[in-house]
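As structure tokens, the structure follows; a few thoughts come after it.
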Amino acid sequence: LHPKNCLGVRQFAETMMCAVLYDAANRFIHEHFVEVSMSEEFLALAFDEVLELVSRDELNVKAEEQVFEAALAWVRYDREQREVFLPELLTKIRLPLCRPQFLTDRVQQDDLVRCCHKCR
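Read in order, the letters of the sequence shown correspond to residues 1 to 120 in full-length UniProt numbering.
Written as structure tokens, this is what we have:
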């Protein structure tokens, strides 16, 4: 498995009903979430899949800020179509776990967040 192909492998495993491979892919995704979130496969995911992923407690991240950045990267990949999903995505990100400095300097200043009335 690799961060660039693990989401596709997981989808294949689900289609083929291969629980062992599906579970292995999920574990890999959890362990390497930051790298996975930078892949084309992640950026191409459907909203419900991204929502489910960023909600997981099992994600191996140094800080919740990395989950925030992944969610925003996904929205920006197709901003016109995905902007409407930002409020719901933000409800799944544990913003209280973010550093106060990050909240004021990054979250509150982000153009996507500022333009979204539901996100304020």
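Ideal Cβ positions, reconstructed from N, Cα and C, are used throughout, including at glycine.
{"Check": "Three-state class that DSSP yields for serine 39 in the structure shown", "Outcome": "coil"}
{"Check": "Neighbourhood of glutamate 35 by C-beta, 7 Å cutoff - its chain only, sequence neighbours within 5 removed", "Outcome": "Pro3"}
{"Check": "Distance, phenylalanine 85 Cα to phenylalanine 47 Cα", "Outcome": "7 Å"}
{"Check": "Cβ pair aspartate 64, arginine 94 closer than 7 Å", "Outcome": "In the sequence on display, residue 64 carries glutamate and not aspartate. Yes; because the gap between Cβ atoms is below 7 Å, this pair is in contact."}
{"Check": "Under 7 Å between C-beta atoms of tyrosine 77 and leucine 43", "Outcome": "yes"}
{"Check": "CA nearest to the CA of alanine 72, picked from Leu21, Lys62 and Leu90", "Outcome": "Just to set this straight, residue 72 is leucine in the shown sequence, not alanine. Ranking the options by Cα distance to leucine 72, first place goes to Leu90."}
{"Check": "Rounded C-alpha distance that separates alanine 25 from alanine 13", "Outcome": "8 Å"}
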